[in-house]
Each structure stands twice: as C-alpha cells, then as structure tokens.
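In order, the protein sequence lines correspond to chains S and W. Residue numbers for the first sequence follow this note's numbering, so the first one is 33 and each next one is one higher. Residue numbers for the second sequence follow this note's numbering, so the first one is 33 and each next one is one higher.
2 protein chains.
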Amino acid sequence: MKAFVCIAAAASLFAWAAPASAQFAKPEDAVKYRQSALSVMGTHFGRLGAMVNGKVPFDAKVAADSAELVATMAKLPWAGFGPGTDKDSRSKAMSEVWTEQAKFKAGSDKLAAESVKLAAAGKTGNLDALKTAFGATAETCKACHDAFRNK
Amino acid sequence: MKAFVCIAAAASLFAWAAPASAQFAKPEDAVKYRQSALSVMGTHFGRLGAMVNGKVPFDAKVAADSAELVATMAKLPWAGFGPGTDKDSRSKAMSEVWTEQAKFKAGSDKLAAESVKLAAAGKTGNLDALKTAFGATAETCKACHDAFRNK
Numbered sequence: 033m034k035a036f037v038c039i040a041a042a043a044s045l046f047a048w049a050a051p052a053s054a055q056f057a058k059p060e061d062a063v064k065y066r067q068s069a070l071s072v073m074g075t076h077f078g079r080l081g082a083m084v085n086g087k088v089p090f091d092a093k094v095a096a097d098s099a100e101l102v103a104t105m106a107k108l109p110w111a112g113f114g115p116g117t118d119k120d121s122r123s124k125a126m127s128e129v130w131t132e133q134a135k136f137k138a139g140s141d142k143l144a145a146e147s148v149k150l151a152a153a154g155k156t157g158n159l160d161a162l163k164t165a166f167g168a169t170a171e172t173c174k175a176c177h178d179a180f181r182n183k
Numbered sequence: 033m034k035a036f037v038c039i040a041a042a043a044s045l046f047a048w049a050a051p052a053s054a055q056f057a058k059p060e061d062a063v064k065y066r067q068s069a070l071s072v073m074g075t076h077f078g079r080l081g082a083m084v085n086g087k088v089p090f091d092a093k094v095a096a097d098s099a100e101l102v103a104t105m106a107k108l109p110w111a112g113f114g115p116g117t118d119k120d121s122r123s124k125a126m127s128e129v130w131t132e133q134a135k136f137k138a139g140s141d142k143l144a145a146e147s148v149k150l151a152a153a154g155k156t157g158n159l160d161a162l163k164t165a166f167g168a169t170a171e172t173c174k175a176c177h178d179a180f181r182n183k
C-alpha cells in the first residue's frame, strides 16, 4: 500500500514533466531534448550576461530577443526529466532531480517566473532594468545547478 | 583583387549569419548551438507530425505550442554556420553550406517563411490547416537536408 502511494505521488509529481503529448520515444531522446533546450537558453543568457557585465556593448534589440528566448526556452527542459531518464552517461543531472522532485519543480517554476520578468525587462530597452532581472534569473540558475547538476 | 572580391562577397553573405552580437567564443560553441536549436525544432516538428499523421490524437493546445516553437527555433540555427564552423567531427553539415551560401540562405529563409504559416495554422485549432502547413514546412526541411546534410 505504501509503495502504491509512493508511486501515485511520483506519478502526480511528474505529471507536470510528462504530459502524454510531451512524451519521448526513448529516454535518450528526452535527455537530448532537455540538454538542447538548456544549451540554447544558456547561449542567450550568456549574451545577456556579456552585455550586463559590460563585456560587449549593450544592444537593446539583441537583449530583447535574447531575453524573450530565455523565457521561451525556460519552459521546455523539464519535460525531458521524466521517469527513466536518470540513467544516461551524457547527463550531468544528479539523482536528486528524481529523489527531490518537489524541490526541483519549485526551482524550475522559479526560473520560469524570473525569466518572464527578464523578458519584460528586455523589452524596456533599459540596461539597469535588465541588470536587475538578469541577476535574479542568474540566482535561480545557480541554485538549481548547485543542487541538481554534477560539476 | 579577385580574392578580395570573393572574401568581401563571402563576408557580405554571412552578415546574416553572424552579426557581431551573435558571435560565438569558439567554433564548437556555434556548432553546439545550431545543433541544439535544430534538435529542439525537430522534436516539436516531430510532435506535429505525429498528430498530422494520426499516430497520436490531435491536441490543439500542444499543436499550437509546438508550431509556435518551430517558428521561433527556425530563426536560430543559421547564426551557428558562420566562417570557421565547417570543420567539426560532430557536424553533419556538408561543405556546400559554405560553398553555396546563397542557396543555403534561400533555404533557411524559406523555412522561416513556412514556419510562420505553420504557427498561424497551429493557432486555428484546425487539423486540416495544420496538415497543409506542416507539409509545406516539411518540404523545406527535406530540401535543405538533401542538399546540405550528410546522412
């Protein structure tokens, strides 16, 4: 009975991660998908970081586009962390992704919320607004990487 | 002089692919970026294909979201095909990407245009509209894969 409750709870927790329509044919497809989405997000977040940190000149159009892309990509990777996707030699995901699902989901929700603010800040064309939103979003990246990603 | 003209022409052709703000620190970063963007696009295009081909039930929300994502992703990979990104063992890109740049650009432009129609069709919630737009978009994928991607 206890086992059943645990399985039901796990299924419920992963409902957000794996709706029927978001399923993958093979676990490795899910791993590739989540890594690809995170990679594209990381590239565009890095472009914002370069502007925020003064390494490249601020370009309002590039900033707006990149911030919007970060917000779009931030919704995607989590469907790729479904059951059975924890054993993959290419993955840096810690087992805590699956043993601490509620915390992992809270982290991804936080990123989604902050990245929406980032996209809004990007649209203002104001570098200071972008800096603030970038910092808050970067904290959510770091919190999850520290807790859930192997070095 | 001839060499200069060729270099100038090449630089001009790749202006679309490599604006200053879209540069990558290393060629391998560009390769990873383009492959990641194409992979995310392919996953969502595949989801549309499964619905269009009756392999999974039509879900208007999933279709709309996936079609929108295809249109968003369709703009991204081309910045990753800049000069110096043609030598990478992980890449399936043929040398024709760089020797037939005008044709390659025409292909990516065609995909961008068709994927905008695909996103519009996705928003209608009409499976027949989606089928038509999916077919037209799929043709642009195939044309470029045949001409520019090693098997």
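Even for Gly, the Cβ is constructed at its ideal location relative to N, Cα and C. Nothing here was measured: the structure is a model prediction, and the numbers come from that model.
Roughly how many angstroms separate the alpha carbons of residue i and residue j, rounded to a whole number?
i: W/S147; j: W/W110; result: 15 Å
i: W/G86; j: W/A168; result: 18 Å
i: W/Q55; j: S/K155; result: 22 Å
i: W/A95; j: W/M83; result: 8 Å
i: S/F123; j: W/K64; result: Reading off the sequence, residue 123 of chain S comes out as Ser, not Phe. Near 16 Å, if we compare the C-alpha coordinates of W/K64 and S/S123.
i: S/G116; j: S/F90; result: 43 Å
i: W/E60; j: S/A138; result: 33 Å
i: W/G78; j: W/K93; result: 15 Å
i: W/T131; j: W/N182; result: 15 Å
i: W/A62; j: S/D160; result: 29 Å
i: W/A125; j: W/S71; result: 14 Å
i: S/A153; j: S/L80; result: 11 Å
i: W/D145; j: S/F166; result: Note that residue 145 of chain W is Ala in the sequence shown here, rather than Asp. Distance between the alpha carbons of W/A145 and S/F166 is about 32 Å.
i: W/H177; j: S/T164; result: 42 Å
i: S/Q67; j: W/G157; result: 30 Å
i: S/A220; j: W/A170; result: Residue 220 of chain S lies beyond the range of chain S shown here (33 to 183); nothing can be said about it.
i: W/L162; j: S/L162; result: 37 Å
Pull up the DSSP beta-bridge partners for residue i, would you.
i: W/A125; result: W/R181
Looking only at its chain, what residues have a beta carbon closer than 8 Å to the beta carbon of residue i, apart from the 5 residues adjacent to it on each side?
i: S/V129; result: F113, D118, F136, F180
i: W/A175; result: G139, K142
i: W/D120; result: P59, E60, V63
i: W/S98; result: H76, F77, R79, L80, G154
Spatial neighbours of residue i within its chain, please: CB distance less than 6 Å, with the 5 preceding and 5 following residues excluded, ordered by chain position.
i: W/L101; result: H76
i: W/L143; result: A106, T172
i: S/A103; result: S147, V148, A151
i: S/S53; result: Interpretation of S/S53 is limited by its pLDDT of 38, a score under 50 that renders its predicted location unreliable; no figure is taken from the coordinates.
i: W/M127; result: First, the amino acid is wrong: residue 127 of chain W is Ser here, not Met. For W/S127, where only same-chain residues beyond five positions count, there are no Cβ hits under 6 Å.
Looking only at its own chain, which residues have a Cβ that is under 7 Å from the Cβ of residue i, when we skip the five neighbours before and after it?
i: S/L108; result: A69
i: S/M73; result: V102, M105, A106
i: S/V88; result: A82
Is residue i close to chain A? Criterion is C-beta to C-beta, closer than 9 Å.
i: W/A69; result: Absence of chain A from the displayed structure is noted, the protein chains being S and W.
What ranges does the alpha helix (DSSP H) occupy inside the region 125-159 of chain S, keeping only unbroken runs of at least 4 residues that lie completely in it?
Every alpha helix (DSSP H) stretch that sits fully inside the region 125-159 of chain S and reaches 4 residues is listed by chain position as 128-131, 133-156.
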